[in-house]
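Undergrad: Residue numbers (this note's numbering): 1 to 480.
Ideal placement from N, C-alpha and C gives every residue a C-beta, glycine not left out.
Got a structure for you, written out below as structure tokens; questions coming shortly.
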Amino acid sequence: MAELTQNEKRLLTTLEKEKKADAPHLASLLGATPEAVVQWAHLAQDKGFATVERITSKEFVYTDEGKAYAKNGLPETQLLRIILPGTQLADLQKHDVFKIGFGQLRKKGLIKFEGTTVAKIPETSTDADEAALKNPSAADARTKEFIKRGILQECETVRNVIGITPEGLALAKKGLDLREETGTLTREQILSGAWKTANLRRYDVTKLPKKAYPGKIHPYQRIIAEMREILLEMGFEELYGGIVQQCYWNFDALFQPQDHPAREMQDTFYLKETLPLPKGYEKVKAMHESGGETSSTGWGGVWKEEKAEQCVLRTHTTSVSIQHLANNPNPPVKAFCIGRVYRRETIDTTHLAEFEQLEGVVMDEGVTFGNLLGILREFYNRMGFLGVRFKPSYYPYTEPSLDAEVYIEGIGWMEMGGAGVFREEVTAPLGINYPVLAWGLGVSRIAMLRLGLKDLRYLHRSDVAFLRETPSLRYTKGGV
């Protein structure tokens, strides 16, 4: 036979006499709260000794406005009382409830106009409405109307009726040990040996405890924090910048031509604001038009200042990094930025119009493409991706360029982000004479893999079950 707790025994002993009763009544007999009694009853129900019947019912309660109307009458009733032969509309307008009451009288067809005089329609009244207000019913259309008017509120009440099963009754009649149980032994009980005769509480070590849902950081934010911690440990400093950026920094300084498809309205969020171009912008202009003082031939054509002055919601965080490099042209520079970026995307399972991007730069004497590969491999290893490989790619502002891929069990190789060495066309106009390694990746894609999601939108959905069931990430240091 399953072991009963002391409270279950007390409940069954009480039910032996009561047979069936509401939780509040049993609580008063047991000196406990109704919630505690229901909990004990559920435990006894699991063992087949009790029953718990949850009964829900609806009732209607008056709002503060409804209480006043129940006492003084509905607004339309109050007005109807003072409408006498010859009553003028101006007389009714002096009444406190005129606006509400007059509208209801006209809606229900209880009055008529004769010039400026208001008269009652013969043999009509609000008696039925007043009766419905005093005795509201779910089946009455008037009650539903009162709820819409804010006069009544529908409330649901829950009753827990607890009974005893034949098995529980038979057990209670045999007699249950109601001696007080000892759950925690004191030092004195152990030293004196009194624990030997104590009525020790029994524990079921196989029973799982009640699930607890403590407050915790959102899973997506935890992954972003983990990335930030890894990069800080690798010696990077974090950069910050506004989400509104000038086209000059978002596109032009990165040697992206002004007629590039990514700069079209269907791909980028343009703003009506403009900003003056920074000092020295002429070098970027010359680079675009003719290659400036380098061996490059540039893009040709005419570079327009007004296009560079436009503001956009940043399409990548590189717009922050390039400004940092412009302000710090001498090595060493080792920095990263994690921030939200915006693009005109069709929202689906793998695309959003706004998402987080992580991007970093390294500038120093003698750094090479091999150093870039090592940094990326170390970062992805620390993020838990042991299989990392690289393949050639193309990006407008880096040469050589690559794509980084990681191996996911059951999926295969997945692209994570792009990287490369900044082209001379990017660094020369800014007065940078050293190699700059640059890389960027989509944070949300890593989050999807880490959290086992198939839909990117789940990262931003208010789904309490998802937040509760997602375990807290436990960061373990890895790496090469």
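1. Of all the options 459, 170 and 100, which has the alpha carbon lying nearest to the alpha carbon of residue 74?
2. What whole-angstrom Cβ distance do residue 44 and residue 8 have, given they're in contact under 8 angstroms?
3. Smallest Cα separation from residue 263: which of 235, 293, 238 and 342?
4. State buried or exposed for residue 162, treating a residue as buried only when at least 16 other CB atoms are found within 10 Å of its CB.
5. Give the straight-line distance between the Cα atoms of residue 268 and residue 260, rounded to the nearest whole angstrom.
6. Which of the three DSSP states is assigned to residue 462 in this structure?
7. In its own chain, which residues sit with a C-beta less than 8 angstroms from the C-beta of residue 465, not counting the 5 before and 5 after it?
8. Determine whether the beta carbon atoms of residue 198 and residue 178 lie at a separation below 9 angstroms.
9. Per DSSP, which residues does residue 402 bridge with? Please list them.
10. Answer yes if the segment 20-35 comes into contact with the segment 121-131, meaning at least three C-beta pairs across the two stretches below 8 angstroms, and no otherwise.
11. Under DSSP, the alpha helix (DSSP H) around residue 426 begins and ends at which residues?
12. Out of 111, 89 and 61, state which residue places its alpha-carbon closest to the alpha-carbon of residue 77.
13. If you draw a straight line from the C-alpha of residue 320 to the C-alpha of residue 332, how long is it?
14. Would a C-beta distance cut-off of 9 angstroms place residue 283 and residue 292 closer than the cut-off?
15. Looking only at its own chain, which residues have a Cβ that is under 7 angstroms from the Cβ of residue 312, when we skip the five neighbours before and after it?
16. Please tell me whether residue 254 and residue 396 are closer than 9 angstroms, where the distance is taken between their beta carbons.
17. Applying the 10 Å Cβ sphere with the 16-neighbour rule, what's the burial state of residue 55?
18. Quick one: grab the DSSP three-state call for residue 440.
19. Whose C-beta lies closer than 6 angstroms to the C-beta of residue 181 among residues of the same chain, with five residues either side of it excluded?
20. Check the C-beta distance from residue 443 over to residue 356 and give it rounded, since I have them as a contact under 8 angstroms.
21. Are the Cβ atoms of residue 377 and residue 414 separated by less than 9 angstroms?
22. Starting from residue 41 and walking both ways along the alpha helix (DSSP H), at which residues does that stretch end?
23. Of the choices 176, 344 and 418, whose alpha-carbon is the least far from that of residue 394?
24. Under a three-way DSSP split, which group does residue 319 fall into?
25. Helix, strand or coil: which one does DSSP assign to residue 351?
26. Beta carbon of residue 382, beta carbon of residue 405: below 9 angstroms?
27. May I ask which residues mark the beginning and end of the alpha helix (DSSP H) holding residue 220?
28. Say whether the segment 233-241 touches the segment 333-353, bearing in mind that this needs 3 or more beta-carbon pairs closer than 8 angstroms, one atom from each stretch.
29. For residue 372 and residue 379, what's the separation of their Cα atoms in angstroms?
30. If we call anything under 9 angstroms between Cβ atoms a contact, is residue 467 one with residue 307?
31. If you draw a straight line from the C-alpha of residue 85 to the C-alpha of residue 152, how long is it?
32. If you compare alpha carbons, which of 22, 187, 61 and 315 is closest to residue 133?
33. Please report the straight-line C-alpha distance between residue 279 and residue 256, rounded to a whole angstrom.
34. As a quick exercise: from 119, 158 and 175, pick the residue whose alpha carbon is nearest that of residue 58.
TA: In brief:
1. Of the candidates 459, 170 and 100, 100 places its Cα closest to the Cα of residue 74.
2. Yes, they are in contact, since the Cβ atoms of residue 44 and residue 8 sit about 5 angstroms apart, within 8 angstroms.
3. Closest option to residue 263, judged by alpha-carbon separation, among 235, 293, 238 and 342: 342.
4. Under the 10 Å beta carbon count, residue 162 is surrounded by 16 or more other beta carbons and is classified as buried.
5. Residue 268 and residue 260: Cα-Cα distance of roughly 11 angstroms.
6. It is coil, neither helix nor strand.
7. Beyond the five residues adjoining it in sequence on each side, residue 465 comes within less than 8 angstroms, by CB distance, of no other residue in the same chain.
8. No, the Cβ-Cβ distance between residue 198 and residue 178 is not below 9 angstroms.
9. Bridge partners of residue 402: 392 and 419.
10. Contact fails: fewer than three Cβ-Cβ distances are below 8 angstroms.
11. It spans 424-427 - the alpha helix (DSSP H) in which residue 426 sits, taken as one unbroken run.
12. Among 111, 89 and 61, the Cα nearest to that of residue 77 is on 111.
13. For residue 320 and residue 332, the gap between their C-alpha atoms comes out near 17 angstroms.
14. Yes. Within cutoff.
15. The answer, listed in chain order, is 245, 247, 250, 268, 269, 270 and 271.
16. In this structure, residue 396 lies closer than 9 angstroms to residue 254 by Cβ.
17. It is exposed - the Cβ of residue 55 has fewer than 16 other Cβ atoms within 10 Å.
18. DSSP, reduced to helix, strand and coil, places residue 440 within a strand of the structure shown.
19. For residue 181, where only same-chain residues beyond five positions count, the Cβ hits under 6 angstroms are 6, 199 and 201.
20. Between residue 356 and residue 443 the Cβ distance is about 4 angstroms, and since that is below 8 angstroms, they are a contact.
21. No, they are not a contact pair.
22. Counting along the chain, the alpha helix (DSSP H) containing residue 41 begins and ends at 34-46.
23. When each option's Cα is compared against that of residue 394, the closest is 418.
24. Helix, per DSSP.
25. Looking at residue 351 - three-state DSSP - the assignment turns out to be strand.
26. Not in contact: residue 382 and residue 405 (Cβ atoms no closer than 9 angstroms).
27. Looking at the DSSP string, the run of the alpha helix (DSSP H) that includes residue 220 is 219-233.
28. Yes, the segment 233-241 is in contact with the segment 333-353.
29. Approximately 11 angstroms, taken between the alpha carbons.
30. With contacts defined as CB atoms closer than 9 angstroms, residue 467 and residue 307 fail to qualify as a contacting pair.
31. Between the alpha carbons of residue 85 and residue 152 lies a gap of roughly 33 angstroms.
32. Nearest of 22, 187, 61 and 315 to residue 133, Cα basis: 61.
33. Rounded to whole angstroms, residue 279 to residue 256 spans 19 angstroms at the Cα level.
34. Out of 119, 158 and 175, 158 has the C-alpha closest to the C-alpha of residue 58.
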